[in-house]
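Protein sequence lines, in the order shown, are assigned to chains A and B.
Using our numbering, you'd call the opening residue of the first sequence number 188 and step up by one each time.
Using our numbering, you'd call the opening residue of the second sequence number 28 and step up by one each time.
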Amino acid sequence: SAVISQKPSRDICQRGTSLTIQCQVDSQVTMMFWYRQQPGQSLTLIATANQGSEATYESGFVIDKFPISRPNLTFSTLTVSNMSPEDSSIYLCSVELTGAGEAFFGQGTRLTVV
Amino acid sequence: QQQVKQSPQSLIVQKGGIPIINCAYENTAFDYFPWYQQFPGKGPALLIAIRPDVSEKKEGRFTISFNKSAKQFSLHIMDSQPGDSATYFCAASMSQGGSEKLVFGKGTKLTVNP
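Okay, here's the thing in structure tokens:
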């Protein structure tokens with residue numbers, strides 16, 4: 188398994204500002220994923236982040252709004268830019284253990300935009 | 028089709044009962060079917076998973092039944108306990124460019140009464 192630490196665990200932000208969420212993994216992983224989970228809802232994949240390459244975004248998500256960094260095999264950040272109340276959600280980092288096909292999740296970052 | 032349809036949306040059982048959660052998929056290219064358990068304020072945790080080459084998998088009190096021809100799979104929880112009260116998500120993925128992107132069902136909120 189993998190231990191995934193996300194920071195911050197929660198935040199309340201003003202609209203128009205940006206928040207960067209950090210994800211640290213206790214082992215080297217090839218694939219890291221960022222999800223959004225709106226309250227009481229399912230998980231929606233935002234993007235896939237490989238080390239050393241541009242993140243791949245899913246339909247409906249764009250790099251200008253959700254820039255992602257992946258500087259090494261154990262760390263990634265997701266920035267939620269120019270926030271609006273509609274961005275209020277839980278953001279989750281996930282990693283896949285290569286070869287096992289198993290995905291593990293961080294505890295999430297609960298974001299409230301006011 | 029990328030969807031995974033999950034039912035019921037919510038489920039209430041008595042302690043010792045056997046809740047059953049069902050999922051159906053359309054895309055026959057899916058080759059990995061995990062179930063996740065999520066407690067409030069926590070990230071999803073991998074519970075059990077199955078691949079299409081088997082029809083059933085058991086881990087402790089949790090069993091996945093898989094019907095490839097019907098494109099359906101289900102989670103059974105034997106001797107359910109109040110501590111099993113959580114939201115359960117089924118998911119499906121396929122190997123795509125080296126990554127296994129998960130598509131989630133909408134979730135089932137399970138309540139196990141004492």
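Yeah, the Cβ is synthetic: ideal placement off N, Cα and C, and Gly gets one too.
Since this is a predicted model, take the numbers as computed values, not measurements.
The beta strand (DSSP E) enclosing residue i, as first and last residue numbers
| i | result |
| --- | --- |
| residue 265 of chain A | 262-267 |
| residue 39 of chain B | 37-41 |
| residue 237 of chain A | 230-237 |
| residue 297 of chain A | 296-300 |
Rounded straight-line distance, which links the Cα of residue j to that of residue i
| i | j | result |
| --- | --- | --- |
| residue 192 of chain A | residue 119 of chain B | 25 Å |
| residue 248 of chain A | residue 230 of chain A | 14 Å |
| residue 272 of chain A | residue 264 of chain A | 21 Å |
| residue 216 of chain A | residue 293 of chain A | 14 Å |
Paired residues, beta bridge with residue i - DSSP
| i | result |
| --- | --- |
| residue 209 of chain A | A:194 and A:264 |
| residue 186 of chain B | No answer is possible for residue 186 of chain B: it lies beyond the span of chain B, which begins at 28 and ends at 141. |
| residue 252 of chain A | Its beta-bridge partners do not exist; DSSP assigns none. |
7 Å Cβ cutoff met for residue i and residue j
| i | j | result |
| --- | --- | --- |
| residue 74 of chain B | residue 137 of chain B | no |
| residue 64 of chain B | residue 133 of chain B | no |
| residue 291 of chain A | residue 211 of chain A | no |
| residue 199 of chain A | residue 296 of chain A | no |
| residue 48 of chain B | residue 115 of chain B | yes |
| residue 79 of chain B | residue 69 of chain B | no |
Cut-off 7 Å between Cβ atoms - residues of its own chain near residue i, not counting five sequence neighbours on either side
| i | result |
| --- | --- |
| residue 276 of chain A | 223, 224, 225 and 298 |
| residue 128 of chain B | 120 |
| residue 259 of chain A | 238 |
6 Å CB neighbourhood of residue i in its chain, flanking five on each side removed
| i | result |
| --- | --- |
| residue 52 of chain B | 31, 98 and 119 |
| residue 77 of chain B | 60, 84, 91 and 93 |
| residue 242 of chain A | 234, 236 and 255 |
| residue 44 of chain B | 107 |
| residue 257 of chain A | 236, 238 and 263 |
Other residues of its chain near residue i: CB distance less than 8 Å, five sequence neighbours each side excluded
| i | result |
| --- | --- |
| residue 109 of chain B | 42, 139, 140 and 141 |
| residue 205 of chain A | 266, 267, 268, 269 and 270 |
Contact residues within the stretch 126-139 of chain B, judged by C-beta distance below 9 Å to chain E: You won't find chain E in this structure, because its protein chains are A and B.
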